[in-house]
Amino acid sequence: MVGGGEGSLIGAVHRLAARMDDRFELVAGALSADPARGRASAEAIGLAPERTYATYAEMARAEAARADGIEAVAIVTPNHLHFDPAMRFLDAGIHVICDKPMTTSLADAEALAARVAETGLVFALTHNYSGYPMVRQARAMVAAGEIGTVRVVAAEYVQDWLAEPVEATGMKQAEWRTDPARSGAGGSVGDIGTHAYHLTGFVTGLAWEVAAAELSTFVPGRRLDDNAFVLLKAGEARAMLWASQVAPGNRNALSLRVYGDRGGLEWRQEAPEELWFSPLGKERRLLTRGGPGTGEAARRVTRLPPGHPEGYFEAFATLYGEAADAIEAHRAGQPRPADCLVPTVEDGVAGVAFIEAAVRLAGR
């Protein structure tokens, strides 16, 4: 693991997700840009001192030279520290699992995609919301034509934690996310808007293009957007996307509504085990994880019987499990399994292109 040391929320999430299905073992790390903090963090989670590294560059070199070196690395750093570590580990012949957005520029994203193509290695991007069983159910229903031809999509990811200038208090998570040098050109549109954007394509199967965007910064002195309205198009289909981190009363309100000419679907991350299905002219139906009407796409990524809630960690673990499937297929010289839906480097390029297009069209 690169990053994810003391004070990191997402590092612990990745470690739990990686272990949930017993497919990975964490054996090496460069857990902090501060070597002392990195060593303390590694000791706290039981990493051996000889496989605790001061820098990710040192780790890539040393692990590539070991007979028992790592097969994959998880990169869980702020955005500006995705590209160079990913490149170094790919160059060392090591598969990469990376947090989103993939890079801070489209040029870097495209260079990374080219390197993945050259090496043939696995690159997995952790758009974790695509791992929920009922998101997989929605995707399968759209693909099966159960709502007909997609016409309109509404995607929202709305929070309130940046409604005040908390970055000025030294809060680590807010500080780097509002810093263009570490976050990239997008604020809310990059941090959470990319999740909503990826979900629109993942569920509908459509490649969305940014048609118009308005990015706003409501908190005085903030250097990046904290609210985004984006219009998307894909052929005749249209979508509207709202990403905000200044909407009081919203904690982590990610939702997706997809409407076709024969019906509609609605999913909310804060009630992740439910999917509303509205066939045109018929009674609205609630589908639940493990309940009647759910198919193999949802069952395949379900771990517990109905009534035992599954959520954020399990969705993350689904992506780690599918990354393991892809790595094992690579090891055997086989193509990636057809049901392995973990986001790829191409999804990463699309996400960064979305950010840059929104920023450009908004005139920022």
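In my numbering, the protein residues as written are 879 to 1242. Even glycine gets a Cβ: it sits at the ideal position worked out from N, Cα and C. Model, not experiment: these values are computed from the prediction.
*Would you please state the rounded distance, in angstroms, between the beta carbons of Ala1240 and Leu1093? I believe it to be under 8 Å.*
Taking the first residue of the sequence shown as position 1, residue 1240 is located at position 362. Taking the first residue of the sequence shown as position 1, residue 1093 is located at position 215. Indeed they touch by this definition, with Cβ atoms about 4 Å apart.
*Taking three-plus beta-carbon pairs below 8 Å as touching, is the region 968-979 in contact with the region 1146-1154?*
The answer is no - the region 1146-1154 does not touch the region 968-979, with fewer than three Cβ pairs under 8 Å.
*When DSSP labels each residue in this structure, what does His958 get in the three-state scheme?*
In the sequence shown, counting from the first residue as 1, residue 958 sits at position 80. Looking at His958 - three-state DSSP - the assignment turns out to be helix.
*Best match in Asn957, Leu1110, Thr1196 for proximity to Phe902 [C-alpha to C-alpha]*: For the purposes of this step, residue 902 is taken as residue 24 along the sequence shown, with counting starting at 1. Per the Cα distances, Thr1196.
*Looking at C-beta atoms only, is the number of pairs between the region 1217-1229 and the region 1199-1206 that lie closer than 8 Å three or more?*
Touching, yes.
*Please confirm whether Arg1017 and Ala1115 have their CB atoms less than 8 Å apart.*
Position 139 of the sequence shown, counted from the first residue, corresponds to residue 1017. Position 237 of the sequence shown, counted from the first residue, corresponds to residue 1115. Contact flag unset, no.
_Proximity winner among Ala911, Glu1192, Ala991, relative to Val954 (alpha-carbon distances)_ = Indexing the sequence shown from 1 puts residue 954 at position 76. Val954 has its Cα closest to that of Ala911, out of Ala911, Glu1192, Ala991.
*From Trp1039, Ala918, Tyr1137, Gly1127, residue whose alpha carbon lies closest to that of Val1097*: Stepping through the sequence shown from its first residue, residue 1097 is reached at position 219. The shortest C-alpha separation from Val1097 is found at Trp1039.
*DSSP beta-bridge partners of Cys976*: Looking up residue 976 in the sequence shown gives position 98. By DSSP's assignment, Cys976 forms a beta bridge with Ile953, Leu1003.
*In the structure shown, what three-state DSSP assignment does Trp1054 receive?*
Taking the sequence shown and counting its residues from 1, one reaches residue 1054 at position 176. Correct three-state label for Trp1054: helix.
*What does a CB cutoff of less than 7 Å around Ala935 pick up in its chain, not counting 5 residues either side in sequence?*
Counted from its first residue, the sequence shown places residue 935 at position 57. Here the set comprises Arg966.
*asked:* Taking 8 Å as the threshold (C-beta atoms), are Val1031 and Ala1236 in contact?
replied: Within the sequence shown, residue 1236 is the residue found at index 358, counting from 1. Within the sequence shown, residue 1031 is the residue found at index 153, counting from 1. No; because the gap between Cβ atoms is not below 8 Å, this pair is not in contact.
*asked:* Give me, in chain order, the residues of the same chain whose beta-carbon lies closer than 8 Å to that of Gly1127; leave out the 5 immediate sequence neighbours on both sides.
replied: Taking the sequence shown and counting its residues from 1, the one referred to as residue 1127 is at position 249. Exclusion of the five residues before and after Gly1127 leaves Asp1038 as the residues of its chain whose Cβ lies within less than 8 Å of its Cβ.
*Does the beta-carbon of Leu1244 have 16 or more other beta-carbons within 10 angstroms, so that it is buried, or is it exposed?*
Here the chain comprises residues numbered 879 to 1242, so residue 1244 is not present and cannot be evaluated.
*Would you say the region 1001-1009 touches the region 1160-1172, given that touching needs at least three Cβ pairs under 8 Å?*
The region 1001-1009, when compared against the region 1160-1172, does not touch it at the 8 Å Cβ threshold.
*What residues in its chain sit with their C-beta under 7 Å from that of Ala1112, if we drop five residues either side in the sequence?*
Position 234 of the sequence shown, counting from 1, holds the residue named residue 1112. Excluding residues within five positions, the ones whose Cβ falls inside 7 Å are Leu1084, Ala1085, Trp1086, Glu1087.
_Three-state secondary structure assigned by DSSP to Tyr1198_ = Along the sequence shown, one-based indexing puts residue 1198 at 320. Look at Tyr1198 here: in three-state DSSP terms it is helix.
*asked:* So, at 8 Å on beta carbons, what are the nonlocal neighbours of Val891 in its own chain, with the 5 sequence-adjacent residues on each side left out?
replied: The count along the sequence shown starts at 1 and reaches residue 891 at position 13. Excluding sequence neighbours, Val891 sits near Tyr1190, Phe1191, Phe1194.
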